[in-house]
Amino acid sequence: MAKLYDIEVKTSGGTGQSLRDYEGKVILVVNTASKCGFTPQFKELQELHEKFKDQGLVVLGFPCDQFANQEFEHLDETLQFCQVNYGVTFPMFAKVDVKGEQASPLFKLLTEEKKGLLGSEVKWNFTKFLINRQGEVVDRYAPQTAPSKIAKDIEKLL
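Numbering (UniProt numbering), first residue to last: 1 to 158.
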């Protein structure tokens, strides 16, 4: 299986970006959705980003439409929604699949490294994965875990 920094993801602009660009950072990866009951978590994700970005945290958002079609069809709608409603400035990427045969290599790695309560598969929007500065997945958080509750774990890694 690939290592985290060997994976390339697609930016919101459609170009490839290596996760090596985030080497040495603490990373919080989140599969997001704009029309989900957990969507207000964008506010706390943005707060984490602002509070810890200068210490080395990066929040990476990956929109996903696999759970009850809770994401806009067009990525530009997603990006505008996140900016206008929650002031999101952390990186948001192209829509991905987080489970199944077409799951992105990133989410395949994350779910293999940190299994959830019901196994490895991502079960819903706003599952969160915390990665240390060495590129190791150190924790996985359920969708209902408020991002503010992750702050202490992030601080330990910074």
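We put the beta carbon where it would ideally sit given N, CA and C, even for glycine.
Asked: If you draw a straight line from the C-alpha of K152 to the C-alpha of L130, how long is it?; Found: 12 Å
Asked: Quick check on the DSSP output: the beta strand (DSSP E) that includes P63 runs from which residue to which?; Found: 57-63
Asked: Please list, in chain order, all residues of the same chain as residue 168 whose beta carbon is under 8 Å from its beta carbon, the five residues on each side excluded.; Found: In the structure as shown, the chain begins at 1 and stops at 158. Residue 168 is therefore absent and cannot be evaluated.
Asked: So, do the stretch 99-117 and the stretch 74-84 have three or more beta carbon pairs nearer to each other than 8 Å?; Found: no
Asked: When you compare each of E121, V96, F90 to K43 by their alpha carbons, which one comes out closest?; Found: F90
Asked: Can you check which of these residues, E121, I154, G116, is closest to residue 220 by C-alpha distance?; Found: Residue 220 is absent from the structure shown; the chain starts at 1 and stops at 158.
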